[in-house]
Structure formats: C-alpha cells, structure tokens
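Trainee: Each residue of the sequence shown is one higher than the one before, starting from 2 at the first, in our numbering.
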Amino acid sequence: MAFKPGKGAGPKTREDWEALFFEATQLFTPSTPIDENDLFAGRGPQIRKMMEGTLERGKHVILFGERGVGKTSLAKVFHGLFPTTLRNVFAVREQADPSDDFSTIWRKVFKDIHVQAKRNGETAHVPIADFYSDQISPDDVRRELEGTFKASDIPVLIIDEYDKIGDKQKTNELMANTIKVLSDYGVNVTIVLVGVADNINDLLGEHASIGRCVEQIPMPRMNISERKEILQRIVPRLGMKLHEDALWKIVHLSRGLPAYVHSLGLYSTESAILRRSLLISEGDVDSAMKRVLERSQESIKEEYSKAVHSNRSDNLYKQVLLACALADTDPEGRGTFAPLAVCKPLSGILDRPVKIDAFQQHLKKFITEERGNILVRRGHERAFRFRFREPMMQPFVIMQGIEQGLVDPSAIDALSFPAQPRLPNLG
Ligand SMILES: Nc1ncnc2c1ncn2[C@@H]1O[C@H](COP(=O)(O)OP(=O)(O)OP(=O)(O)O)[C@@H](O)[C@H]1O
Ligand SMILES: [Mg+2]
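(1) Looking at the unbroken beta strand (DSSP E) that takes in His61, where does it start and where does it end?
(2) Could you tell me if Asp140 is buried or exposed, where buried requires 16 or more neighbouring beta carbons within 10 angstroms of its beta carbon?
(3) Compare the C-alpha of Pro332 against each of Leu323, Pro99, Pro221 and name the closest.
(4) For the alpha helix (DSSP H) that contains Arg143, what are its first and last residues?
(5) Can you list, in chain order, the residues of its chain with a C-beta nearer than 8 Å to that of Asn224? Leave out the 5 residues immediately preceding and following it.
(6) What are the start and end residues of each continuous alpha helix (DSSP H) run of 4 or more residues lying completely inside the stretch 76-120, in chain order?
(7) Return the bridge partner residues of Leu194 from the DSSP annotation.
(8) So, for Gly81: in the same chain, excluding its five sequence neighbours on each side, which residues have a beta-carbon less than 6 Å away from its beta-carbon?
(9) Using 10 angstroms around the beta-carbon of Lys229, count the other beta-carbons present and answer buried if the total reaches 16, otherwise exposed.
(10) Going by C-alpha to C-alpha distance, which of Phe65, Pro392, Arg378 sits closest to Lys165?
(11) According to DSSP, Lys242 sits in a beta bridge with which residue or residues?
(12) Check Val70 in the structure and name its three-state DSSP category.
(13) For my contact list, Val377 and Phe360 are in at a C-beta cut-off of 8 Å; report their separation, rounded to the angstrom.
(14) Between the beta-carbon of Ala324 and the beta-carbon of Pro346, is there less than 8 Å?
(15) How many Å lie between Val408 and Gln47 at the Cα?
(16) Name the one or two DSSP bridge partners that His126 has.
(17) How would you call Pro354, buried or exposed, if buried means at least 16 neighbouring beta carbons within 10 angstroms?
(18) Any heavy atom of ligand 2 inside 7 Å of the beta-carbon of Asp161?
(19) Cutting at 7 Å between CB atoms, please list the residues of its own chain near Arg120, excluding the five before and the five after it.
(20) Between Glu216, Val78, Asn200, which lies nearest to Gly54 when the distance is taken from Cα to Cα?
(21) Would Leu158 be called buried (16 or more neighbouring beta carbons within 10 Å of its own) or exposed?
(22) Output the boundary residues of the beta strand (DSSP E) element that contains Val377.
(23) Could I get the ranges of all uninterrupted alpha helix (DSSP H) runs contained in the stretch 246-304, with 4 residues as the minimum, in chain order?
(24) Taking Ala308 and Gly402 to be in contact with their CB atoms under 8 Å, please state how far apart those CB atoms are, rounded to whole angstroms.
(25) With distances taken between CB atoms, is the gap from Lys50 to Thr191 smaller than 8 Å?
(26) So the candidates are Ala76, Arg313, Arg58, Glu299; which of them puts its Cα closest to the Cα of Ile35?
(27) With 16 as the cutoff for other CB atoms within 10 Å, does Asn202 come out buried or exposed?
(28) Can you list, in chain order, the residues of its chain with a C-beta nearer than 6 Å to that of Pro99? Leave out the 5 residues immediately preceding and following it.
(29) Determine whether the beta carbon atoms of Ala326 and Val398 lie at a separation below 8 Å.
(30) Please report the residue range of the alpha helix (DSSP H) in which Arg388 lies.
(31) Does the Cβ-Cβ distance between Leu265 and Val286 come in under 8 Å?
(32) Give every residue of the same chain whose Cβ lies closer than 6 Å to the Cβ of Val182, excluding the five residues on either side of it in the sequence, and list them in chain order.
(33) Strictly by DSSP, which residues pair up with Met220?
(34) Less than 8 Å between the beta carbons of Asp154 and Phe91, yes or no?
(35) For a test of your reading of the model: does the CB of Thr73 fall under 7 Å from any non-hydrogen atom of ligand 4? Yes or no.
(36) On the criterion of 16 or more Cβ atoms from any shown chain inside 10 Å, does Ala3 qualify as buried, or is it exposed?
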C-alpha cells in the first residue's frame, strides 16, 4: 500500500521519507498566508470582533498591526469560521498597491461583483467595473452596493495592504467618507481595511468622525498557546512528534511571529526526516536555526550588519541589540519594550549588573539612519518605548546571538525561554 503521511504505517523507503518532506512543505507555510481553516491557529478574540463588526449593520472594520503578525491570514479565513447557519457570506478580498488610489481600489472590487445587465438585447452577468471607465466616487460606491446584495447576504469587502496605497491623503479622505456614507445609509455591506500600522490614524489618517462606525481590531503578536497550536495542528498530520524541548524552543525563538514558527517548524522537521526519525528533537531545532539564518532575506542580514558594525572590538552594539530582542515586551502584543527591560537580559549577557546609563547611547544610535533605524521609538521623554522597525529582525537577532556565542547557551535559555517549565526559577 502506498505510504500516506500521518496514516497507517510509517515511512520505510527513501521515497516515503521524501513524500513526508513534501507534505511538510505543504503544511508549513512561512511565506504564504493561511487559507485553510484547519491550519489556522488561535485568534479567537480577533475572530469574534471581526464577526461582530461584520454582523452589525453600519459597522465597518479596520484590522491593523505589525508586519507579519497574521492579518492577511485572518482576513482570508474569518468568514469561513462563521457559524454554518450564517454561511451566505459573500467575501471579496483585494490587495492594494502603491499604484492604487480610491478609484482603482474600487474598480478592483467592482471587477469581482457581478450584476445582471442587458447586453446586446440579452441578459448577462457582468462585473460592475464594466460600467466605470473613469473615476469612482463615494456616492457611486454607495449606489452600487445598495442595490446589489439581498438582505440575507453578508457581503464583506476586504481591502488588504491598505497601507501601501498611493496618494494617501486623498484616498484616505474618500475612503473615510465612503465608510461614513455606507454607515449612514445602513447599506448591507462591511468594508474591512487591513494594513500595517500602529493605530488607525496611521492607516486612515485623521478621520475621527468615522470612529463610531468602525470596529478597530489591533492584531497582536501570537501568544504562547497560539504558537504552540500552529505546531500541534501540523506535526500530527505528518505522523510525527515534537519533543517538548523542541516545541518550547520554536515557540520562544519566534517571539510571537507566526512566520518563524513555520520556518523553524519546517526546517526542524526536515532535519528529523534526514535523520530518518519521526521525533523532532531540540537538536533538530538547532539545525533549523542555522538554516533560517542562512536563508534569511539579504536585506535583514545587511540591516543587522549596519546596526552593529563598529571598528572597536570592545563595542557593545551586538550585545545591546541582542538584549533588546530578548527584553520583555508589552502585554498587548505590540512588540514594544521599555529601556528598563533591557537591563536584565544585558546583565545576563555581560555577566555583570547593568544600569540604563550603560546602553542609553546605543539605543539612541539604533533609532538613527546611521544604524539603519533598526529600532523605532514611540512615546515621550521618560516614557519612551522601543520596538524593532522590522519585526522579523527580532528573532533573527536572537538566533545570531546564539550562533555567535554572544552568550552562554544555558544563560540564553534562561533569558529567552523564561516560561519553560523545566526552568521554574528563572522567570
Ligand atoms: N492563525 C494562524 N495560524 C497559523 N499560521 C499563521 C496564522 N496567521 C498567520 N500565520 C502564518 O504567519 C505568516 C504571516 O501571516 P500573514 O501573511 O497572514 O501576516 P500579515 O500580517 O498579513 O503579514 P504582512 O504584514 O506582511 O502582510 C504566514 O506564514 C502565515 O502562514
Ligand atoms: Mg498581509
């Protein structure tokens, strides 16, 4: 009988192991959003808010957060997670790009919404876009959407990558206006704007008057149980097991960014398969870490070098940046840390007690062009918070630190994996 990953007897031949690896590449998707409900992990509170926003007439949704936290995945699957009794959801998802303005965004949407129209004397199913060769106004959008859907439909129009739009000021103004008009007229449709942003003003500009008609959904990094769930949904489907230490290592190294759970998961699985083992061990995760570092985007590698370069051998840029990557972050999952939180990991790395004065200058440099703005700073004097400008940089910095032996492996375990049950006294 042919070998099927996760079913019946385990792999025996070389082809079986190759088939298993192929299956792993289908399930671990570090570079693609999730579009299968069964592989979508966690996000209960965000799904609930999406549902509430969608079902309440006159409400629209803005989903925002750091790059790579899982916004598109949520936008892709949330309507499929509605109770089956609400299944007549009509969802359209478009992706904005820098060449887009208000009219081109709506032309994209209108290409995917069809209406009955007379063409050459015959009734045909045509996209609304066919009626617009030029500009589209908020009032056009309202009129089209008002007449198109039945009361029993749940139409959801998702505009992803909204942060990328061109002519931001004008597009934002018209989009805010459209949301307000659709809401005022109680049109049965929900617009979902999705994009990378710290807050809704970042995404849509200062259009507070639409505040009431908008459900704001901040997308946090994944918490520990959500990261575990990604692995627990995939590994058993391969008929494999993940050693508890391996699980914790992946979960903590990823720093809440699901793409790293996927890439570390995939390479760890590959490493176990190469050993012809169905049990993924901590050693497999160590090999995976090397692969992830090798295969990281050149831009990440270059930005890291730019941030830590120095002609002096006694400089502490690498150590301070590593401590920043290990620092405790805000409970809301936005990935920000206070300078004070850097003291503990840096003390561990340097093996001596460190106060803020010791690295204040480094933090200041990290937010400058000279060091590639590797960090960004928010807030005001005495309440500054920092975060990595590019979230994907943070796990990279930690893995570099481990690879470069900047810190004793046992110490990095303690710093990096405080919640690991084996290390109860180190939190
Ligand atoms: N709920 C989830 N369960 C499992 N994997 C997830 C989940 N959410 C996201 N991922 C994975 O995380 C990675 C990033 O997801 P996604 O592309 O949805 O993020 P994003 O916030 O839209 O990113 P960007 O800001 O770059 O557009 C992908 O590899 C995706 O497969
Ligand atoms: Mg996305």
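The beta-carbon is built from N, C-alpha and C at its ideal position, and this holds for glycine as well.
Mentor: Per the coordinate set shown:
(1) From DSSP, the beta strand (DSSP E) with His61 extends over 61-66.
(2) By the 10 Å Cβ count, Asp140 comes out exposed.
(3) Residue Pro221 is the option with its Cα nearest to Pro332.
(4) Unbroken alpha helix (DSSP H) run through Arg143: 139-149.
(5) If we look at Asn224 and ignore the five residues flanking it on each side, its Cβ neighbours are Gly43, Gly257, Gly334.
(6) For the alpha helix (DSSP H) assignment, the uninterrupted runs of no fewer than 4 residues enclosed by the stretch 76-120 are, from N- to C-terminal side, 103-112.
(7) Secondary-structure assignment with DSSP links Leu194 through a beta bridge to Ile63, Ile160.
(8) Once the five neighbours on either side are set aside, the close Cβ partners of Gly81 are Asn38.
(9) Burial call: buried.
(10) It is Phe65 whose Cα lies nearest to the Cα of Lys165.
(11) In the DSSP output, where bridge partners are listed per residue, Lys242 has Leu280.
(12) Val70 falls in the coil class under three-state DSSP.
(13) For a cut-off of 8 Å, the C-beta gap from Val377 to Phe360 is around 17 Å, too long to register as a contact.
(14) Judged by beta-carbon spacing, Pro346 lies within the 8 Å limit of Ala324, meaning their Cβ atoms are closer than that value.
(15) Using only the alpha carbons, I get a separation of about 37 Å.
(16) Gln117, per the DSSP bridge assignment.
(17) Burial call: exposed.
(18) Yes, the beta carbon of Asp161 sits closer than 7 Å to at least one heavy atom of ligand 2.
(19) Closer than 7 Å at Cβ, skipping near neighbours: Val127.
(20) Gly54 has its Cα closest to that of Glu216, out of Glu216, Val78, Asn200.
(21) Result: buried.
(22) 376-379 is the span of the beta strand (DSSP E), which, as asked, contains Val377.
(23) Within the stretch 246-304, the complete alpha helix (DSSP H) runs of at least 4 residues are 259-275, 283-296.
(24) With a Cβ gap of about 13 Å, Ala308 and Gly402 do not count as contacting.
(25) Pairing Lys50 with Thr191 gives a Cβ-Cβ distance that is not under 8 Å.
(26) That would be Ala76, whose Cα lies nearest to the Cα of Ile35.
(27) With fewer than 16 Cβ atoms within 10 Å of its Cβ, Asn202 is classed as exposed.
(28) Sequence-distant partners of Pro99 (beyond 5 residues in either direction) whose C-beta falls short of 6 Å from its own C-beta, in its chain, are Lys165, Gly167.
(29) Taking a C-beta distance under 8 Å as the contact criterion, Ala326 and Val398 qualify as a contact pair.
(30) Taken as a continuous stretch (DSSP letters only), Arg388 belongs to no alpha helix (DSSP H), being part of the beta strand (DSSP E) at 386-389.
(31) Closer than 8 Å, so yes.
(32) So the qualifying residues of the chain are Pro139, Arg143.
(33) Per DSSP, Gly66.
(34) It is a contact, given that the beta carbons lie within the stated cut-off.
(35) Absence of ligand 4 is noted for the structure shown, with ligand 1 and ligand 2 being the only ligands found.
(36) Flag for Ala3 reads exposed.
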